[in-house]
Amino acid sequence: MMGLDDIFLSFAISVGAGYVPNILNRIQGDKTLEDKINDCFKKALKKWNVSQDIRNSLNCESLKYYTELKDFITDKSKGIHPKIKELLHLWVKELKSDKLCSNFIIMQRQELADEKLNDILSLLNDDISLKLDNLSREMNNILSIIRNESHSVLGVKGILDGIITELIESLKFNTARCVINELEAHFFHEIRENKELQADILFKKGQITYYKDRKKAFDFMHDAYMCFPANNVYIQWEIRRLLTENKWDEAQILLSSLYCESKWIYLKNVLVSEDKEKTYKDLPEKVRNDYEFREVLFECLLNSKYGILNCLFEDKDISVPEDLTFSTLYSWLYVLSYYRLKTGNFLVLSFKAPQIADFESALNVSKIFYDKISNTEIKNDFSIILCLHYYWSFVCSHDSSWIDEFQKINKVDFGEQKQMFSLMEVSMLILDKRFEEAFAVIASNSEKINDSVIRFAIMMSMHSDNIMHLRWILERMKNEHLKINSEIAVLIAQSINKHRALETKEILQNFEFTSDAEKEILLQLCAFNASQKIDIATLKNNINEICDELKAYAANILAINGDTDMAFNMLQPIVNEDIPDVKREIYIAVLSKMQEKTPDLYRILVKNRVAGNYCDDQLLKIEYRLDSQIADTENALAAISMLYERHPEDPDLFTHYIYTLGKLHPEQLRDFEKKAIEIQYLNSTEVILAYRAFSENNYLETAISLLYKAAKATEDIQLRTFYHNETMTGLIYSIAHKEYEIAEEGNYVLCDIDGKRVFYQATINGSNINKAVLGVHKNDVIETEIAFEKVSVTIVGIHNKYYKLAGDILKDAQDGSNPQLIPLQIDKDKPLESLEAFIRKMSKDDLTPNEKWERACKQYENGEIGLFQLVDENNILAGFYKLLFTSFKIHVNNSTIELQRIPQKLEDKVFILDIPTVITFSEFSAKTGIILNGLMTITTILHEYIKSVDKLSIRFIDSGFVEAINAGNLIRYSEYVDLDIKERLHKIDEWINNYCNDIVADKALALFSQDDVSPLRQLLLGSMSMLLQPNCYFVTDDRKISALLPNTNIITSETFVRLFNDSRISSAYSEFLLENNFLGVNLTKEYIINEYLKMKHHEENNMVKIMQNMQENPLLFSQAVTACIELATKEIDLNTLKISFTDIFTMCLKGFDKTVRNRMLQLAVNSLSFSFDCMQFTKRCLLDAALIADSNTRN
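Residue numbers (full-length UniProt numbering): 1 to 1195.
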């Protein structure tokens, strides 16, 4: 009975051959159905992987519709060609996938099951793989078929086109050769009398021999062509032979005689062209994408000694043929050539070599080829490819069994490549640390040494740390009168280490070099590694006469001896930052010794990793540290991820990985919760970082669990103090301080026994007291026994193990052994004095916080320090809020003067905001609802700090915040201070995300000290470092910074606002600053008038602040004069007006030095010479103010 597959196969061959007219009539009567069936056939044609030679032999170029299959499947004497069978199978797959077609075919099953079709169906269904398996197992049956075949030309032809063609296509060459031999013996007379049969047999012998003996194969094919020159396939192969042998003129004659298009004419055009690359690139895309064409062209170019045409292998990615057959084998060879060239025939001596990634790509392909060719009879004909596969397999898997497979291959016929594969074996043995075997291989294959052998011997000496290998190769060189050239000198330099430096020096002293200067450098390098005295003068004198690689070694010695500038100047012009070699490695080492070059180091390391170059652990650690310093979180995560993937059990790398991961992808931390608790940390730093990773991202249960486990198991004061502080004021406070209504198993119950407080664990498995407290409530009083004595116990509280440990830590500190938890002891007779003494004891300079603050304020007023120096490291944001929004007076530069220095074109400018400016802008927008315009940028360092503060808002309930909020000039978010601060910090982060751009301040690395962990300093230097960029402006209201850096691009926040916003917004911002005690801001005449009127009507006003501001910004003099004139025209109470504006004018005039003051006064008085009362009134106020200002100056 026919199965479903048989039905579809029967349909394909029956309809294609035209055997079922009834079914054909039904198809052709339904246009939609017929189009669908034709579409399926066209899709199959597109997927049909068949070489041009097969197409030519089948004459199937015109095959477009299923009805044209008739010519290919109805000649029983020829049988069905294997490739036509493949096409029919592909068509069947497409028909099955089309619902309309498959339903129609199933409905015809009865008619398709007719017995007369079974013979045809069996031909198709007996597919290649099944038939070949049977053929290989039943060779005798095949020979029997041949012997029983009638003696006819058609019979021989049928066997050649059927069985033998299938065997060759399936790469069963041995079987095919046996069948041909039997065929020649059994049909000797028929073959001798028929030139076409002779040619066919010769051609198939050529195909069978082609991949084992190319010359012999071409001889067979040439004989086939000479025997029957009319065959188009033979002509094509004859052309191919001529092109391979560089007989281009003869090939051209044959190409001219062809009646059909041949791709070999394109091959010839490339070979004879002067500009081969251009000619190739101008070929039709179909030809260029033909892998067989590429491989034949590649071989022809190698044969002609032209070399490699790189454009043949420029594709970033190539496809792998699905099947391995005679028709696709050349395409496979191209794919393998592509990957071999991609690896560059590179021989690695380290499993961490950057080329390993290329080997892995090559191995993925060679493995597919290896698996497929293992099922053929030609596996041993590709020894070179097998060697490459074994080598790539070993290098990628570290499995030594691949070395054994490699060594089994006979390499006698490898020709010029024999030595390269011997060195490949040496490479494998060195990697497997079988150094003596490696030496034996290199010695036995080195009858005449060359540069490759010398290089490998020196590198083997380095990896085995066996000086004898170096002695051996240098002795061989001496015997053959070879000198040490620059390349060999560099390899020797790489092999020198402190253990063998003296022996190496001894060997080299008696050897000839091509350059005396390079010999001297190597001797100095040996001395350096042996800790002997270095002749720096000699080193410097020889620098200009040595190769670049040795210059790098010399530079390294100079850098280590303190001359980093010269080392840098030597290396910079010879190092390619994109190429990971010894020069760049030493360059990086030198840069790491130069603080001012740290930005260059950062840039090179990031660029190197992003480019996909191999980075060792040390480079990744350096990069991660630098990335983290400037909050380049994405690159930091990439670097630490690579390290963690290499060393997943390293607790230090794990903690840094999860901490960095939490900054970008906090949701992924859930995958590491269990590991974070179970891993064995090596020190308190690792524990604290892991805790921060989870606590700052709201994984509080995990955070407290891992911190508790570590703190309980250690005596480390730092960690136990940290635990105590976190449970008291940190993010885990709510968990640690959780109280329970009833004591359950495992709870800790705080008991009062005769005034002494003690914790007892509630548990059924404990003593009497442990059992007694199980189930109690707070304030219960129970009677129990302790040490056989009856006691009364009052339950003070019911807590968990976290609270209990915090109490134990504090209790342990009562003896003063923990300097970080100084016990507070209050003298009952002098409580205030003892409290003050305690505070002074906690201070580094024996001052109370108030005394420090008063001293700092005086220093600020005198211009000795700036805003940043007024802020406490531990409370940065709270400190700035106290400065910005309380009664503290901030002095700012004059924005009108600054605006005059800024160019009109601003598109290419970057404006960097400091942290107080960010706070001020954010609070201004929150209070007024005004969105500021402008190109606002902040460093990633500042943004990362704000984000971390937002996460840790519980820590920042500081008096500075409270003072700022209670001052009344800020919008309130909650009546509760803690909730207000939390929302306020979140709003700042939100404002940054909405209105600011981030920038990585890599130049800041040149300013950071590795030992300086001050976040305040990093915030300031990070932002200020952008001034090193010519198009950057630093926006700050810290006047001390601009005083220290005159003539730099530093502007105030008010200048920035006036630069990018209209007068309405600018005025609103200036008034906001004045209300918050900023002095020196710009004010309008209207604002002065309004505030005066408020004062006159006894409303809350800023007249005092306006007067104070006038002295800081005397350029407001003209606004004050105009305001006075305008008010004088309307004002009845001139006494109040006179007092107020005389004071205002006085403050203005005091802001000028005496010369400028007199000039300004004279100009103003002259402008008020008109007899109008308002002007005369203003003039009198001015003159009075001048007298007061002058008298104050004299005093």
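We put the CB at the ideal spot given by N, CA and C, even for glycine. Computed from a predicted model, the values in this text were never measured in an experiment.
Tell me, please, whether the segment 384-393 touches the segment 363-376 by the rule of three or more beta-carbon pairs shorter than 8 Å.
yes
- Query: Hey, does LEU731 have any beta-carbon neighbour from chain C nearer than 8 Å?
  - Reply: In summary, chain C is missing from the structure at hand, where a single protein chain is found.
Handout entry: Supposed close pair PHE513, ALA489 - CB separation, criterion 8 Å
Key = 7 Å
Can you tell me whether LEU24 sits near the ligand NAD, meaning its C-beta is under 7 Å from at least one heavy atom of the ligand? With respect to the ligand NAD, the structure shown offers nothing to examine, as it has no ligands at all.
Going residue by residue through the segment 346-379, where are the continuous beta strand (DSSP E) segments of at least 3 residues, counting only ones entirely within it? none
* Asked: First and last residue of the beta strand (DSSP E) that includes LYS913?
  -> The question names Lys, but residue 913 in the sequence shown is Leu. LEU913 -> beta strand (DSSP E) spans 910-913.
**Report entry** DSSP beta-bridge partners of GLU789
**Finding:** ILE786
- Is the segment 1134-1151 touching the segment 1108-1118, taking contact as three or more C-beta pairs under 8 Å? Yes, the segment 1134-1151 touches the segment 1108-1118.
Review point. Do the CB positions of VAL962 and LEU935 come within less than 8 Å of each other?
Key: The Cβ atoms of VAL962 and LEU935 lie no closer than 8 Å to each other.
So ALA690 packs on ILE658, CB below 8 Å; how close in whole Å? 7 Å
**Request:** Please name the residue, chosen from LYS418, MET424, PHE228, that lies closest to HIS389 on a Cα-to-Cα basis.
**Result:** MET424
Kindly indicate which residue of ILE409, VAL365, ILE403 has the alpha-carbon position closest to the one of PHE382. ILE409
Original post:
Between which two residues does the beta strand (DSSP E) carrying ASP752 extend?
Top reply: Per DSSP, ASP752 is one residue of the beta strand (DSSP E) stretching across 748-753.
Exercise. Quick one: residues in its chain with C-beta nearer than 7 Å to the C-beta of PHE104, no 5 flanking neighbours on either side, listed in chain order?
Key: LEU33
Check: Could you give the uninterrupted runs of the beta strand (DSSP E) lying entirely in the segment 1003-1043, keeping only those of 3 residues or more?
Finding: 1032-1035
*So, are the CB atoms of TYR644 and THR727 less than 8 Å apart?*
Not a contact, by the Cβ cut-off of 8 Å.
For this session: Taking only the alpha-carbon atoms, compute the straight-line gap between ILE534 and ASN544 and give it to the nearest angstrom.
Result: 18 Å
**Study point:** Collapsed DSSP secondary structure at SER122 in the structure displayed
**Key:** Residue confidence is low: SER122 scores 46 on pLDDT, short of 50, so the model does not pin down where it sits. Its coordinate-derived value is still stated next. Helix, per DSSP.
Any idea if LYS215 is buried or exposed, counting beta-carbon neighbours within 10 angstroms, 16 or more meaning buried? exposed
task = Please list, in chain order, all residues of the same chain as THR279 whose beta carbon is under 8 Å from its beta carbon, the five residues on each side excluded.
result = ASN269, VAL270, SER273
message = Using only the alpha-carbon positions, how far apart do LEU913 and ASN1158 sit?
response = 38 Å
PHE1078, DSSP secondary structure in three states: strand
- Helix, strand or coil: how does DSSP classify ARG294 here? helix
Q. So, are the CB atoms of THR702 and ALA676 less than 8 Å apart?
A. yes
Discussion item. Contact between the segment 746-761 and the segment 792-802 is defined here as three or more beta-carbon pairs at a separation below 8 Å; is this criterion met?
Written reply: In short, these stretches touch, since the Cβ pair count reaches three.
Those residues which DSSP pairs with MET936 across a bridge: PHE911
* With 16 other Cβ atoms within 10 Å as the buried cut-off, status of SER97 -> Burial call: exposed.
Give every residue of the same chain whose Cβ lies closer than 6 Å to the Cβ of ALA1123, excluding the five residues on either side of it in the sequence, and list them in chain order. Around ALA1123: LYS1085, ILE1088, ILE1089.
Determine the DSSP secondary structure at VAL758, reduced to helix, strand or coil. strand
Exercise. Give a yes or no on contact between the segment 1123-1134 and the segment 1171-1182, applying the rule of three or more CB pairs nearer than 8 Å.
Key: Contact holds: three or more Cβ-Cβ distances are below 8 Å.
- request: Using alpha carbons as the reference points, say which of PHE1078, LEU591, THR1052, ARG901 lies closest to LEU883.
  value: PHE1078
First through last residue of the beta strand (DSSP E) which encompasses ASN997: 997-999
- Query: Looking only at C-alpha atoms, which of SER464, GLU190, LYS31 sits nearest to LEU349?
  - Reply: SER464
Just to confirm before moving on: does the CB-CB distance between SER327 and VAL50 stay below 8 Å? Yes. Within cutoff.
Pair within 8 Å by beta-carbon distance, VAL871 and GLY863:
Not in contact: VAL871 and GLY863 (Cβ atoms no closer than 8 Å).
Notebook entry, point to check: Does the separation of the CB atoms of LYS316 and PHE293 fall below 8 Å?
Noted result: no
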